[in-house]
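In the numbering used here, the protein residues as written are 763 to 867.
The C-beta atom is built at its ideal place from N, Cα and C for all residues, glycine as well.
Everything on this sheet refers to the single structure shown next.
In structure tokens form, the structure reads like this:
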């Protein structure tokens, strides 16, 4: 199971309930072999993409195209209001994922 949830101003992605034990992403952010903090919509997509390929998770793979659309929209956003809307969309999308594979905190 992969847990995804808000922690202060970041999205925390935690895969400690899976057999995967490796660092994800090359960014200087809070991370361990089973957890990483994403500071942008783009990073949520990047980290979940890495995990989806590593875990061979059909559920995560089904959600990634929608996250990619959000990232594309977000990259053109300039205002903080549009950024907030992108994050809200990520939150709504994450909540649609099957809870037996991904749990939202």
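The DSSP-derived three-state label of residue 770 is coil. Residue 827 has its alpha-carbon roughly 22 angstroms from the corresponding atom of residue 797. The alpha-carbon of residue 806 is positioned some 7 angstroms away from that of residue 773. Across the set 802, 777, 789, the C-alpha of 777 shows the shortest separation from the C-alpha of residue 795. The Cβ atoms of residue 782 and residue 775 do not sit closer than 9 angstroms to each other. Taking 9 angstroms as the cut-off, the beta carbon of residue 766 is found no closer than this to the beta carbon of residue 817.
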